[in-house]
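Residue numbers (full-length UniProt numbering): 1 to 263.
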């Protein structure tokens, strides 16, 4: 009897399902990008299939290649912005002056972000004078539990926090908070102090500090943050400044809501 080699199991998933699996994998590392081997592993595809599907996505502008890595493409970010445009544009337009204030006070890279499930979406970004390994992109998404803006938004949104604590927390660096109990304790600390820190929890070498813009009922409408190279920026000093600017933004937001209510 002639022995035969076992052939690999056939992947009967539709092409669109394979493409979505790759996009979801890229979304988990939206700022930094990933190579074909890691993407194939996360999407549970063969490397050759992943490479072929990524080529199709790249030709359609929803994925772009940077060296040997892939990341979400600009076309996908434009589509994403259109989904969140009605509410998020209003938040961005009203809070952008306060983001500018925070930039003037820090001269570092600053962000305005909102919460979307277990991720944050960056509505605006102003680049600092000094280079830093900041992976954020306007319209891009990053995991809430591994970012300063995400943690401060979770801290002031009990429903979102409960959902985040009920799911597995992915570890991105050695400093990522991946234990639900540790994250719950961190969110409690943030509520006490009004500021969140990120010391290389998503991106090695990156430090961030964030404060919430609060609306009615003390729920976070958005968050403002400052980011820079770890060891170079003074997060404690910038945290105090971020709190002041975010408090001014919160008061302005409440006045705007009150005027709209009375109109």
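Heads up, the beta-carbon is just placed ideally off N, CA and C, and yes, glycines get one too.
The structure displayed is predicted, hence computed values, not measured ones.
- Between residue 207 and residue 235, the CB-CB gap stays under 8 angstroms.
- The closest CA to that of residue 237, considering only 204, 106, 24, is found on 106.
- Following the DSSP letters along the chain, one finds residue 109 inside the beta strand (DSSP E) bounded by residues 109-116.
- Distance from the CA atom of residue 216 to the CA atom of residue 48, rounded to whole angstroms, is 52 angstroms.
- Taking C-beta separations shorter than 7 angstroms and ignoring five residues to either side along the sequence, the partners of residue 119 in its chain run 141, 142, 143, 144, following chain order.
- Spatial neighbours of residue 59 in its own chain (CB-CB distance under 8 angstroms, excluding positions within 5 residues in sequence) are not present.
- For the pair residue 128 and residue 55, the Cα-to-Cα distance works out to about 34 angstroms.
- Distance from the CA of residue 218 to the CA of residue 178, rounded to the nearest whole angstrom, comes to 26 angstroms.
- Judged by DSSP secondary structure, residue 181 falls within the alpha helix (DSSP H) whose first and last residues are 180-193.
- Going by DSSP, residue 65 is part of the beta strand (DSSP E) stretching over 63-66.
- For residue 216, no alpha helix (DSSP H) segment is defined, and its DSSP state is neither H nor E.
- Just so you know, the alpha carbons of residue 185 and residue 152 end up roughly 13 angstroms apart.
- Under the three-state reduction of DSSP output, residue 97 falls in the helix class.
- Where residue 150 is concerned, the enclosing alpha helix (DSSP H) starts and stops at 148-155.
- Around the Cβ of residue 136, a 10 Å sphere holds 16 or more other Cβ atoms; the residue is buried.
- Using a Cβ distance threshold of 8 angstroms, residue 214 and residue 250 count as a contacting pair.
- Distance check between residue 224 and each of 113, 244, 38 places 113 closest, using alpha-carbon atoms only.
- Rounded to whole angstroms, the gap between the alpha carbons of residue 46 and residue 36 is 10 angstroms.
- Take residue 254, set aside five residues on each side of it, and no residue of its chain has a beta-carbon closer than 6 angstroms to its own.
- Inter-residue distance for residue 226 and residue 183 is about 21 angstroms (C-alpha atoms, whole angstroms).
- A direct Cα-to-Cα measurement between residue 15 and residue 26 gives close to 17 angstroms.
- Apart from sequence neighbours up to five positions away, the residues of its chain that approach residue 101 with a beta-carbon distance below 6 angstroms are 245, ordered along the chain.
- Annotated three-state conformation of residue 71 is strand, per DSSP.
- Per DSSP, residue 225 is one residue of the beta strand (DSSP E) stretching across 220-229.
- Residue 212 counts as buried, since no fewer than 16 other beta carbons sit within 10 angstroms of its beta carbon.
- Under DSSP, residue 122 takes part in a beta bridge, and its partners are 113.
- Sequence-distant Cβ neighbours of residue 175 in its own chain, meaning closer than 7 angstroms and more than five residues away, are 199, 200, 201.
- Counting C-beta atoms within 10 angstroms of its own C-beta, residue 230 has 16 or more neighbours from the protein chains shown and is therefore classed as buried.
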